[in-house]
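Each remark here refers to the structure printed beneath this line.
Protein chains: 2
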Amino acid sequence: MFPDPQSLARALLAGERRALARAITLIESTRPDHRLAAEALLHEVLPHAGRSIRVGITGVPGAGKSTFIEAFGLNVVERGHRLAVLAVDPSSPRSGGSILGDKTRMEELSRDQRAFIRPSPSGCTLGGVARRTREAMLVCEAAGFDVILVETVGVGQSETAVADMVDLFLLLLVPGGGDELQGIKKGIVELADAIIVNKADGDLEAAAGRAARDYRNALHLLTPANAAWMVPVLTCSALARSGIDQVWETVETFGQTMKDSGRFEERRAEQAHAWMWSEIAETLLQTLKDDPSVARQLPDLEAGVTRGFLAPGAAARQLVEAFRSRAPSSE
Amino acid sequence: MFPDPQSLARALLAGERRALARAITLIESTRPDHRLAAEALLHEVLPHAGRSIRVGITGVPGAGKSTFIEAFGLNVVERGHRLAVLAVDPSSPRSGGSILGDKTRMEELSRDQRAFIRPSPSGCTLGGVARRTREAMLVCEAAGFDVILVETVGVGQSETAVADMVDLFLLLLVPGGGDELQGIKKGIVELADAIIVNKADGDLEAAAGRAARDYRNALHLLTPANAAWMVPVLTCSALARSGIDQVWETVETFGQTMKDSGRFEERRAEQAHAWMWSEIAETLLQTLKDDPSVARQLPDLEAGVTRGFLAPGAAARQLVEAFRSRAPSSE
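Those sequence lines, one after another, are chains A and B. Be aware that the first sequence starts at 216, since it is given in our numbering, and climbs by one per residue. Be aware that the second sequence starts at 216, since it is given in our numbering, and climbs by one per residue.
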């Protein structure tokens, strides 16, 4: 089904669109032989990856995220960039498809050859989705995409996962008094490197300006100063395509500021290191869960712990010992 | 050095203060035989643990946390409660002792027989400190302490670790315009179930009231509504011992509200479950790091990942395979 990793890598580096789609499908596969091929592919393309700015984006429900991504994306490709849009939506197997599954929401952008839109891999935990998305970023970069936009629908801990894999994180809000913010989960505002109040058009234009001012004041009170960056609050209208230039300029300024201070590369190295350790932890835990003797003991131990008659530490030790006393892997 | 776990448990349940101190020392020991004895002890006392309210507290530098804990603690014991104060300070091996190491800062409380103050265990990672502190909470509860105060000095991720082990989390601030908040790390405000502006006395009394009002407005903008609880912002003076009654009443009201909604027990069960899995993950990772073949390969792989010429996923797989191909544990 897949060409060998070296051929796929060559086609990818030559900018063949079909090779990119296949490479990501390979990366998303959970079949052990595909995992090994994906690893070989990543090894080939890694020297050509990394030359991009990685932008994360989340928004409250109703903030018009798809419309914003369409407007922002078209603006970015018009400037001569190539844009890849990836999604992190661990809920997609249940909700029946990620927000990006329905490409009609970004009709113009999805037809543009300078853009590449890929829905969230399905059937995965957040850890699985995050892992695949990190790897998909690398192959997109190798294929010549220099702006990577990673969107999250904000399920579970997905914003944190996305913020940890990108260079900067955008939060899309809508105008209004503050009651609209009920939809923002705890801690999300604190992850944002820039806040964008969308729908600053028509009747809502004045309200958007007031909302931006309120957020600016609130940020001043609640967010610690980052010596290198003051979180800006912008307004835009994705529908009217106004204010989008300023969003892109903010992304560029942020990237330049971080590069000038050396923080950009430093942060990427930290992310790669943390990514390695989270892969190790996830692989180890999965191996433990898959172990038959662990699986036999787990239900009783979990019940004992949640009902409060078994100490969590004792249950943990029993499970790890059951795991370690099995025969070594023959893989 | 230690009595057998059963005798120690009996003495602990009989309320012998010396037994409590020894039990916590046993829990803090990393010697494998001590770990097993600690586990046996926890097994004995677990049916008698849990009947407390667990309160976490953090504060900006200069917020007067020790003075506050002294005033709050004395207020609580005067009401007929028994109070245990524990600390989570993973930095203590480096900084040369936790904030509680210097008991003179809580002179009156530390001499009170109704209170028990224990500094942070030293020489541990945050994970290690958190594990020991969770277990120390259980033995304090078994010894009849019905209010557990866990303080953190706010190093690394320690606030999150503390918030995850307590029933409610207090954030102590000082009056002022907002610039004083530079010391609060991202996301901490969002963890708070109640915010307390200390030093509402003398010249600062009016400023404290203004700060409380500002925080209330900011919370309204930034924090999502919790159907069962609206985060209150209180003022107090730990020095003048005013406003402390209201802090305790807030703690009681919070506990009652959560119990009425069933959320209290539900959250404790979730915490115990998460604790078990974090112990499993930590134990597995430590076992991997201790593995000689992993240790041999790790430096090169880490360097390759952070310098960007080795994919994190490939490095992770190599390390996990090196770990799994070793002989099974003979423990």
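Every residue, glycine too, gets a C-beta built ideally from N, C-alpha and C. Keep in mind it's a predicted model, so treat the numbers as computed, not measured.
Cross-strand partners of residue i (DSSP beta bridge)
i             : result
residue 344/A : Residue 344/A pairs with nothing; no bridge assigned.
residue 287/A : Beta-bridge pairing links residue 287/A to no other residue.
residue 271/B : 365/B and 384/B
Residues that residue i contacts on chain A, provided the C-beta gap is smaller than 8 angstroms
i             : result
residue 524/B : 261 and 262
residue 517/B : 488 and 491
Where residue i meets chain A, residues with beta-carbon distance less than 7 angstroms
i             : result
residue 531/B : 491, 494, 495 and 498
residue 258/B : 526 and 529
residue 350/B : 528
Delimiting residues of the beta strand (DSSP E) encompassing residue i
i             : result
residue 367/B : 362-367
residue 450/A : 448-450
residue 482/B : Careful: residue 482/B lies outside any beta strand (DSSP E), inside the alpha helix (DSSP H) at 478-505.
residue 300/A : 298-303
residue 333/A : 330-333
Span separating the alpha-carbon of residue i from that of residue j
i             : j             : result
residue 266/A : residue 322/A : 27 angstroms
residue 241/A : residue 518/B : 27 angstroms
residue 226/A : residue 405/A : 41 angstroms
residue 455/B : residue 331/B : 23 angstroms
residue 326/B : residue 289/B : 11 angstroms
residue 344/A : residue 494/B : 24 angstroms
residue 385/B : residue 407/B : 6 angstroms
residue 273/B : residue 285/B : 14 angstroms
residue 372/B : residue 373/A : 19 angstroms
residue 259/B : residue 233/B : 18 angstroms
residue 446/B : residue 428/B : 13 angstroms
residue 488/A : residue 430/A : 34 angstroms
residue 476/A : residue 268/A : 16 angstroms
residue 466/B : residue 261/B : 24 angstroms
residue 511/B : residue 281/B : 45 angstroms
residue 334/B : residue 302/B : 6 angstroms
residue 243/A : residue 255/A : 14 angstroms
residue 486/B : residue 380/B : 7 angstroms
residue 426/A : residue 416/A : 13 angstroms
residue 356/B : residue 422/B : 39 angstroms
residue 354/A : residue 257/A : 7 angstroms
residue 473/A : residue 483/A : 11 angstroms
residue 358/A : residue 432/B : 48 angstroms
residue 340/A : residue 496/B : 17 angstroms
residue 564/A : residue 249/A : Nothing about residue 564/A can be read from this structure; chain A reaches only from 216 to 546.
residue 540/A : residue 342/B : 25 angstroms
residue 605/B : residue 498/A : Outside the shown range of chain B (216 to 546) lies residue 605/B, about which nothing can therefore be said.
residue 230/B : residue 236/B : 11 angstroms
residue 580/B : residue 453/B : Because chain B is modelled from 216 through 546, residue 580/B falls outside the range shown and cannot be assessed.
residue 520/A : residue 530/A : 7 angstroms
DSSP state of residue i mapped onto helix, strand, coil
i             : result
residue 525/A : coil
residue 470/B : helix
residue 409/A : strand
residue 414/B : coil
residue 532/A : helix
residue 426/B : helix
residue 349/B : helix
Contact list for residue i against chain B, beta-carbon separation under 7 angstroms
i             : result
residue 521/A : 484, 487 and 488
residue 235/A : By Cβ distance, chain B contributes nothing, its closest Cβ being about 17 angstroms from residue 235/A, past 7 angstroms.
residue 265/A : 523
residue 231/A : What residue 231/A touches in chain B: nothing, since even the nearest Cβ is about 21 angstroms away.
Interface partners of residue i on chain B, CB under 8 angstroms
i             : result
residue 346/A : 528
residue 535/A : 495, 498, 499 and 502
Extent of the continuous alpha helix (DSSP H) run through residue i
i             : result
residue 227/B : 220-228
residue 404/B : 403-406
residue 389/B : Looking at the DSSP string, residue 389/B is not in any alpha helix (DSSP H), and its letter there is neither H nor E.
residue 252/A : 247-260
residue 326/B : 322-326
residue 454/A : First-last for residue 454/A: undefined, no H or E at that position.
residue 376/B : 373-378
residue 235/B : 232-243
Amino acids of chain A, ordered along the chain, whose beta-carbon sits closer than 9 angstroms to that of residue i
i             : result
residue 322/B : By Cβ distance, chain A contributes nothing, its closest Cβ being about 33 angstroms from residue 322/B, past 9 angstroms.
residue 374/B : Going along chain A, no residue has its Cβ under 9 angstroms from residue 374/B, so there is no contact; the nearest lies around 12 angstroms.
residue 254/B : 526, 528, 529 and 532
inquiry  = For the stretch 403-421 of chain B, list every residue whose C-beta sits within 9 angstroms of some C-beta in chain C, in sequence order.
reply    = Of the protein chains in this structure, namely A and B, none is chain C.
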